[in-house]
Amino acid sequence: MFENDYLMRIILQFVAALQRALREQNVRPEEKAGDLEQLVGEAVNIDARLLFSMAPESLVSMLQLGDFDEKLGGYVLRALYLEAELLDEADMKDRADLRRSQADAIAQAYGFDITSADVAPEALEEFLRQQEEG
């Protein structure tokens, strides 16, 4: 199904991170958000602090110049939209708004039909269930 072991490993990490973010009740939202940021940075092979400090258009340009694998796009977008929700929970509204804008810009640039509605708990659980079924 996937071309190489690296891609499969990253996808499995995304699935695990998204599941943890949904299910772990004893972890602060900003910690969950930080975990998702790190995973996205690793997946796109760009330092997370640098990547997420960029304006949405600049972030897209960086991805286009790098080695962004579009097969990871759905995972990356769900992680960013979920991170925005977590940042809202942590009263970090400006960062949450930036994350949503960055995710929206990626979705538009690459033609993904994924929105913040796709990280509603029910929708995300269904997505994860489908991934586990293969």
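Residue numbers for the sequence shown, in our numbering: 58 to 191.
Glycine included, each C-beta is placed from N, C-alpha and C at the ideal position.
Treat the numbers as computed from the prediction; the structure is a model and nothing was measured.
Give a yes or no on whether the C-beta atoms belonging to residue i and residue j are separated by under 8 Å.
i	j	result
leucine 96	arginine 135	no
serine 173	arginine 157	yes
leucine 143	alanine 78	yes
alanine 105	glutamate 88	no
alanine 160	tyrosine 138	yes
Could you tell me the distance, in whole angstroms, from the CA atom of residue i to the CA atom of residue j?
i	j	result
glycine 131	isoleucine 171	7 Å
methionine 65	leucine 122	22 Å
leucine 108	leucine 120	9 Å
alanine 180	glutamate 190	16 Å
aspartate 124	aspartate 151	28 Å
valine 176	phenylalanine 184	9 Å
methionine 149	aspartate 92	16 Å
glycine 98	proline 178	23 Å
Can we count residue i as close to the ligand GTP, meaning its CB is less than 7 Å from some heavy atom?
i	result
aspartate 161	Annotation note on the ligand GTP: not contained in the displayed structure, which lists no ligands.
Among the residues of its own chain, which have a CB less than 8 Å from the CB of residue i, if the five just before and after it don't count?
i	result
alanine 162	Pro113, Glu114, Leu116 and Val117
glutamine 188	Ile68 and Val72
Counting only the same chain and skipping the five closest in sequence on each side, list residues whose C-beta sits under 6 Å from that of residue i.
i	result
alanine 90	Glu140, Leu143 and Leu144
Could you tell me whether the stretch 104-122 touches the stretch 73-87, where touching means 3 or more Cβ pairs closer than 8 Å?
no
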